[in-house]
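Worksheet: the structure to be examined is printed underneath.
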Amino acid sequence: MNKKLRFFLTRFLLLLIVIIFFFIVVEASFRIHAKIVDIDYRIYHQQLVNFNETYSPNLFLSDEQVPFRLAPFFQGISSTYDFSVVYKTNSQGLRDREYAFERDPGMKRILVFGDSNTFGHGIPYGKRFTDIAENHFSNVEIINFGVPGFGLDQKLIYFAKEGVNYLPDYAVVFILSVSAWRYSTDIYSNGSIDLRKASFSEFSSYDSTTLYRLDNQFRYQDSFLLRNSHFLSYVSYKLNIFYLKKQLGAPLPFDSNLVANFSLYFPDRETHFSILRDRTAAIAREFSKIAEENDIKLIFVSIDYHKESKPFLSQFQEDMLSYNISYYDFGEEILAASNQRPVTFKYDPHLNEYANKVIAQEFIELLEKELE
C-alpha cells in the first residue's frame, strides 16, 4: 500500500470516527431530552412513513362510558401547512398532565369542556388558553376535557360519565354555534334527555373541522436507522416537511364565512333553528341538573366571534339566563383582537396561539370574578 493511499484511508477513518462520535453524542442528547420532556422523537418518522390524518385514528376510542373520546397514552404529530404539533394524552385520555380524582386541599378544581379549539388544535401544550389560565393561578387546577369534533351532547355525556368523578368546583363549557349543530348521539327525544341511550354514530359532514389526507410519498425513505434514531427521525421529518411545502406551494386561504353561513346547509332556517334551540335547551338543562346534584358551579362561555352566529347565540344566552346558568361571551373580544392580528391559522379555521392568549386573558378575568 503506497503512502498516498495509506494517508487517504487514515484520514477517511478519522473522519468516519468523528462522524460516528458526533452522531452518538447528538443521538444521546436527543434521547436524554426525550426522557426529560417525555416524548419519543421516533414518532416524527412514523408521521412520514405511515398514513396520517390531521387527527390520527389512534387518538380516539369508544368505550362503555363515553361513546367517543381521546385514547389514553397517545403520542402523535399533527402536521399542516400552518403548524406541526405533538399531541399527547395522559392515563385518563385527556390532553393534559396527570390529575388524581381527589384534589389537593386548598385547591380549586375547574373542568373545561369543548371541541377542537378547547383541545388545542395546532396549539402546543402549555400555550392553550386553559394552560395559560392555570399557570396564572397558584391555587387552581384547570383540567382540559376538550375533544375534537364534540357537540354539546357529547360534552354532556363526558361531564356526566367522567367529569363528576374529578369532584370539581366548576365546570366550564366552551361553545361555538357549531357545537350546537353537531349531534351524533341519541340522547334527545321529545324535549328530554336520556343518557342511557348514549351512542355514537358519525359526525355530520357539514360541520366537520377534521380534515384528512394521506402522506404515503415518504415510504421509500423507511429504514432501520431512521426508524430507531431519535435524531435522524426528527431531522428527516423537518427536512421533508420543508421540501414538501416548497413542492406544493401555498394552499388557498380558508374562507371563514363558509363555517358560519348555516343557511347554505339549511334553507328552512326557522324550522331548524326551532328544533336546534329545543334540543340545545334540553341539553343545557341536563348539564345544570347534574351540576347541581354534584354541587358544581356550571358556566357556559361562547368563543364564537362570527356575526352570522349572533342570532342563535343570543337565543341560547336567553335560555341560559332563564335557567340561572352563568353565561359569558368572549366573541366580541376575539373579534376586536382579529382587527389587530389574525385569530385563526392562515389555511385552517381553528383559533391560533394569538387567539388563545386573548381567550386566556378573558378566562382569567372570569375566574378572578367567580373565585372572589
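Numbering follows this note's numbering, in which position 367 of the sequence shown is assigned residue number 361; successive positions increment by one, without gaps. Even glycine gets a Cβ: it sits at the ideal position worked out from N, Cα and C. In this text, all values refer to a predicted model and were calculated from it rather than measured experimentally.
Report the CB separation of residue i from residue j in whole angstroms; it is logged as a contact under 8 Å.
{"i": "S85", "j": "F107", "result": "At roughly 19 Å, the Cβ-Cβ gap does not stay under 8 Å, so S85 and F107 are not in contact."}
{"i": "I33", "j": "V80", "result": "6 Å"}
{"i": "F306", "j": "I353", "result": "Between I353 and F306 the Cβ distance is about 20 Å, and since that is not below 8 Å, they are no contact."}
{"i": "R36", "j": "N222", "result": "7 Å"}
{"i": "P162", "j": "I30", "result": "That belief does not hold up - the Cβ atoms of P162 and I30 are roughly 31 Å apart, past 8 Å."}
{"i": "I367", "j": "I319", "result": "As displayed, the chain neither begins before -5 nor continues past 366, which places residue 367 out of reach and without an answer."}
Which residues bound the beta strand (DSSP E) around residue i?
{"i": "V106", "result": "K102 to F107"}
{"i": "Q367", "result": "Outside the displayed range of the chain (-5 to 366) lies residue 367, so it cannot be described from this structure."}
{"i": "Y387", "result": "In the structure as shown, the chain starts at -5 and stops at 366, and residue 387 therefore has no counterpart that could be examined."}
{"i": "E135", "result": "V134 to N138"}
{"i": "I293", "result": "K291 to S296"}
Check for me: the alpha helix (DSSP H) holding residue i runs from which residue to which?
{"i": "K(-2)", "result": "K(-3) to V31"}
{"i": "Y152", "result": "L146 to K155"}
{"i": "V167", "result": "No alpha helix (DSSP H) contains V167, which is instead part of the beta strand (DSSP E) from Y164 to I169."}
{"i": "S316", "result": "K304 to S316"}
{"i": "L329", "result": "G325 to S332"}
{"i": "L220", "result": "F218 to N222"}
{"i": "S193", "result": "No alpha helix (DSSP H) contains S193, which DSSP labels as neither H nor E."}
{"i": "L360", "result": "E347 to E364"}
{"i": "H130", "result": "F123 to H130"}
{"i": "S85", "result": "Where S85 is concerned, there is no enclosing alpha helix (DSSP H), given that its DSSP letter is neither H nor E."}
{"i": "N159", "result": "Unbroken run through N159: none, as it is neither H nor E."}
{"i": "F95", "result": "It is not in any alpha helix (DSSP H) - F95 carries neither H nor E in the DSSP assignment."}
Give every residue of the same chain whose Cβ lies closer than 7 Å to the Cβ of residue i, excluding the five residues on either side of it in the sequence, and list them in chain order.
{"i": "D272", "result": "G185"}
{"i": "K191", "result": "D180 and I181"}
{"i": "F153", "result": "F107, A165, F281 and I284"}
{"i": "F123", "result": "N350, I353, A354 and F357"}
{"i": "R335", "result": "Y348"}
{"i": "L315", "result": "Y321"}
{"i": "V60", "result": "I151, Y152, K155 and E156"}
{"i": "S217", "result": "none"}
{"i": "E21", "result": "S223, H224 and F225"}
Out of the options, state which residue places its alpha-carbon closest to the alpha-carbon of residue i.
{"i": "N234", "options": "S50, F1 and S73", "result": "S73"}
{"i": "T83", "options": "L64, K155 and R97", "result": "L64"}
{"i": "N133", "options": "F153, I104 and K(-2)", "result": "I104"}
{"i": "L270", "options": "H344, V172, E347 and S332", "result": "V172"}
{"i": "I71", "options": "F95, G157, P118 and I328", "result": "P118"}
{"i": "N288", "options": "A331, Y35 and N159", "result": "N159"}
{"i": "K121", "options": "D98, K(-2) and R89", "result": "R89"}
{"i": "L189", "options": "E156, A174, I151 and N333", "result": "I151"}
{"i": "V141", "options": "Y49, S268 and I11", "result": "Y49"}
{"i": "F267", "options": "E362, W175, E135 and R0", "result": "W175"}
{"i": "L345", "options": "F77, I319, D57 and E302", "result": "F77"}
{"i": "F139", "options": "F16, F225 and Y93", "result": "Y93"}
{"i": "K304", "options": "I293, E326 and E286", "result": "E326"}
Please return the same chain residues whose Cβ sits closer than 8 Å to the Cβ of residue i, not counting the five positions on each side in sequence.
{"i": "V295", "result": "V166, V167, F168, I169, Y321, Y322, D323, F324, F357 and L360"}
{"i": "G100", "result": "N133"}
{"i": "S183", "result": "K191"}
{"i": "G116", "result": "S72, T74, D76, F77, V79, F339, D342, H344 and N346"}
{"i": "F197", "result": "Because F197 sits at a pLDDT of 45, beneath the cut-off of 50, its placement in the model cannot be relied upon, and the following sentence gives the value as read from the coordinates. If we look at F197 and ignore the five residues flanking it on each side, its Cβ neighbours are G143, R176, S178 and T204."}
Leaving aside the five residues before and after residue i along the sequence, list all residues of the same chain whose C-beta is less than 6 Å from its C-beta, in chain order.
{"i": "A330", "result": "none"}
{"i": "I14", "result": "none"}
{"i": "L3", "result": "none"}
{"i": "Q311", "result": "Y321"}
Could you name the residues that DSSP lists as bridge partners for residue i?
{"i": "F54", "result": "L64"}
{"i": "I187", "result": "Y182"}
{"i": "Y321", "result": "F294"}
{"i": "T338", "result": "L345"}
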